[in-house]
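A.B. asks:
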Amino acid sequence: MKDSLNIKTTKAGQSRLAETDFRDLPFGKVFTDHMFVADFEDGEWKNFEILPYGPISMSPAISALHYGQAIFEGMKAYTQPDGSVSVFRADKNFARLNKSAVRMAMATIPEDVFMQGIAALINIDKAWVPSEENYSLYLRPVMFATDPVLGVRPSSSYKFVILANPSAPYYSNPLRVKIETHYTRSDNGGVGAAKTAGNYSRAMLPTVEAQAQGFDQLIWTDAKENKYVEESGAANLMFIIDGKIVTPEVRETILDGVTRDTIILLAKSMGITVEERRVAISEVLEAIENGTLTEAFAVGTAATVTQISEISYEGKNHVLADPATRTVSPAIAKKLNDIRYGVTADEFGWNWIV
Ligand code: PLP
Ligand code: COI
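Following UniProt numbering, the numbering of the sequence shown begins with 1 at its first residue and continues without gaps.
1. Report, in whole angstroms, the separation of the C-beta atoms of residue 312 and residue 178, which I expect to be a contact under 8 Å.
2. Starting from the C-beta of residue 323, find all residues in its chain whose C-beta is less than 6 Å away, skip the five residues before and the five after it, and write them out in chain order.
3. I'd like the ranges of any beta strand (DSSP E) spanning at least 3 consecutive residues and lying wholly in the stretch 274 to 349.
4. Just curious, the beta strand (DSSP E) that residue 175 is in, first and last residue?
5. When you compare each of 316, 338 and 341 to residue 289 by their alpha carbons, which one comes out closest?
6. Evaluate the contact criterion for the stretch 148 to 163 versus the stretch 187 to 206: three or more CB pairs, one atom per stretch, below 8 Å.
7. If you scan the stretch 198 to 224 from start to end, which runs of the beta strand (DSSP E) of 3 or more residues do you find wholly inside it?
8. For residue 354 and residue 336, what's the separation of their Cα atoms in angstroms?
9. Tell me whether residue 234 sits in a helix, a strand or coil according to DSSP, three-state version.
10. Measuring CB to CB, does residue 150 end up less than 8 Å from residue 66?
11. Is the beta carbon of residue 216 sitting closer than 8 Å to the one on residue 260?
12. Can you name the residues that DSSP bridges to residue 41?
13. Any residue with its C-beta under 5 Å from a non-hydrogen atom of the ligand ATP counts. Can you list them all in chain order?
14. Tell me, to the nearest whole angstrom, how far the beta carbon of residue 118 is from that of residue 87; I am working on the premise that it is less than 8 Å.
15. With a threshold of 8 Å on Cβ separation, who are the neighbours of residue 280 within its own chain once the five nearest residues in sequence on each side are excluded?
16. Since residue 32 and residue 164 are thought to touch, with beta carbons under 8 Å apart, how far apart are those beta carbons, to the nearest angstrom?
17. Considering only residues of the same chain and omitting the five flanking positions on each side of residue 49, which have a CB-CB separation below 6 Å?
18. Can you tell me the Cα-Cα spacing of residue 246 and residue 42, whole angstroms?
19. If we count the other Cβ atoms within 10 Å of its Cβ and call it buried at 16 or more, is residue 344 buried or exposed?
20. Less than 8 Å separating the beta-carbons of residue 76 and residue 138?
21. Under 7 Å: does the beta carbon of residue 98 sit that close to some heavy atom of the ligand PLP?
22. DSSP three-state call for residue 182: helix, strand or coil?
23. Hey, out of 196, 208, 250 and 192, whose CA is closest to residue 223's CA?
24. Name the one or two DSSP bridge partners that residue 247 has.
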């Protein structure tokens with residue numbers, strides 16, 4: 001990492017902190033006072049700035065709006081017992097953002113722009129990082145194409161912005177999910193492994209339809225046969241079958257989740273066997289029926305570790321073991337939280353004190 005980026009800072013006139021109710025933080029709605037912005041122009045990143053959070057003026061012709069060159073990340077910062085702030089596994093999000101950029105034919109971001117942008121934003125908005133258990137500062141880096149040109153080709157200019165939200169966990173209750181077999185989220189050769197806007201927009205109608213049927217979320221299946229479990233709308237999936245964690249292997253149709261990787265490493269360190277492989281819907285349903293599936297949960301930065309209480313497939317609802325009786329995933333989630341909040345030693349070196 002280069003030593004220091006020249007970041008111009010314009011402070012917000014009036015902080016909104018005092019008028020913010022930290023007991024009421026709907027996900028992604030409350031923004032801190034500032035944002036970090038940078039531009040890619042003429043083949044280089046420039047114009048590094050901390051600005052008051054607010055609108056950015058732009059041409060309605062920018063190609064992100066028309067052709068979807070837009071990628072983002074999600075990570076969290078946590079207050080430590082000594083009052084410092086730590087960002088969890090930012091190196092993984094940095095690497096994934098650039099992987100998404102390559103897949104979407106966009107400019108990549110240098111590590112110093114990403115890391116120093118985060119550090120500058122957290123330092124100026126440090127008072128916004130919650131300190132209560134389960135709360136954190138959600139960081140949302142986003143990069144999008146800004147050429148005001150309607151020709152279909154990769155943009156030559158991009159804007160990179162980092163936003164921050166004080167946040168509570170995304171889901172407050174165990175999830176009722178529906179296995180989706182009509183619509184698909186991604187396909188072989190597609191962009192499923194990229195964290196790109198279009199993956200979320202194509203999921204909206206199916207998700208809204210599932211919600212109208214009483215479900216919280218979907219379980220996406222493979223586009224070819226609709227036989228294998230892939231992931232959820234905003235999280236990866238894990239099952240405990242015969243005492244082992246079984247999770248769909250990462251492939252080009254699935255987002256390679258940082259939380260997924262973290263849980264796998266933690267589980268193995270706790271002596272739990274983890275199987276990363278294709279997971280057939282039939283295997284999950286059978287294991288529910290014969291009682292060998294004892295836990296199912298979704299894992300993600302926003303979602304944290306969220307229990308799944310019911311799984312519906314082709315109109316039949318399968319009720320899982322009561323989430324309140326589960327022990328394995330809550331124990332892993334506790335270990336994860338203890339590391340994130342600095343309560344226990346960071347034996348894997350995941351915390352970056354900014
Ligand atoms: N899958 C999808 C589609 C997601 O949006 C997310 C959230 O980021 C995840 C998986 C989990 O990834 P991570 O743990 O890196 O947040
Ligand atoms: C995250 O967990 O960071 C996500 O991106 C999920 C979000 C789409 C709600």
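Glycine included, every Cβ here is placed at the ideal spot set by N, Cα and C. Bear in mind that the values here come from a model prediction, so they are computed numbers and not experimental data.
C.D. replies: Quick answer:
1. Stepping through the sequence shown from its first residue, residue 312 is reached at position 312. Stepping through the sequence shown from its first residue, residue 178 is reached at position 178. Sure, about 5 Å apart at Cβ, within 8 Å.
2. Here residue 323 is taken as the residue at index 323 of the sequence shown, counted from 1. Excluding positions up to five away in sequence, the list reads 174, 307 and 309.
3. 274 to 277, 293 to 300, 304 to 313 and 316 to 319
4. In the sequence shown, the residue the question calls residue 175 occupies position 175. Counted as a single uninterrupted DSSP element, the beta strand (DSSP E) harbouring residue 175 occupies residues 175 to 179.
5. For this step, residue 289 is matched to residue 289 along the sequence shown. Looking at the Cα atoms, 316 is the closest of the given residues.
6. The stretch 148 to 163 vs the stretch 187 to 206: no contact.
7. 217 to 221
8. On the sequence shown, position 354 is the one that residue 354 refers to. On the sequence shown, position 336 is the one that residue 336 refers to. So the two alpha carbons sit approximately 19 Å from each other.
9. Counted from its first residue, the sequence shown places residue 234 at position 234. In this structure, residue 234 counts as coil in the three-state DSSP scheme.
10. What you label residue 150 is simply residue 150 of the sequence shown in a count that begins at 1. What you label residue 66 is simply residue 66 of the sequence shown in a count that begins at 1. By the CB criterion at 8 Å, residue 150 and residue 66 fall inside the cutoff.
11. For the purposes of this step, residue 216 is taken as the residue at position 216 of the sequence shown. For the purposes of this step, residue 260 is taken as the residue at position 260 of the sequence shown. Going by C-beta atoms, residue 216 is not nearer than 8 Å to residue 260.
12. The sequence position of residue 41 within the sequence shown is 41, counting from 1. According to DSSP, residue 41 bridges with 44.
13. You won't find the ligand ATP in this model; what it holds is the ligand PLP and the ligand COI.
14. In the sequence shown, residue 118 corresponds to position 118, counting from 1. In the sequence shown, residue 87 corresponds to position 87, counting from 1. Contact holds; Cβ gap of about 6 Å.
15. In the sequence shown, the residue the question calls residue 280 occupies position 280. Closer than 8 Å at Cβ, skipping near neighbours: 227, 228 and 229.
16. For the purposes of this step, residue 32 is taken as the residue at position 32 of the sequence shown. For the purposes of this step, residue 164 is taken as the residue at position 164 of the sequence shown. Residue 32 to residue 164, Cβ: 4 Å. Contact.
17. As a working mapping, residue 49 is identified with position 49 in the sequence shown. Same-chain partners within the cutoff: 8 and 37.
18. Here residue 246 refers to the residue found at position 246 of the sequence shown. Here residue 42 refers to the residue found at position 42 of the sequence shown. Going from the Cα of residue 246 to the Cα of residue 42 covers about 47 Å.
19. If you number the sequence shown from 1, residue 344 lands on position 344. Answer is exposed; the Cβ neighbour count stays below 16.
20. If you number the sequence shown from 1, residue 76 lands on position 76. If you number the sequence shown from 1, residue 138 lands on position 138. A contact, by the Cβ cut-off of 8 Å.
21. Here residue 98 is taken as the residue at index 98 of the sequence shown, counted from 1. No, since every heavy atom of the ligand PLP falls outside the 7 Å radius drawn around the Cβ of residue 98.
22. Within the sequence shown, the letter at position 182 stands for residue 182. Shown here, residue 182 sits in coil according to DSSP, grouped into three states, outside any helix or strand.
23. Along the sequence shown, one-based indexing puts residue 223 at 223. Closest in C-alpha terms to residue 223, from the list 196, 208, 250 and 192, comes 192.
24. As a working mapping, residue 247 is identified with position 247 in the sequence shown. Partner(s): 276.
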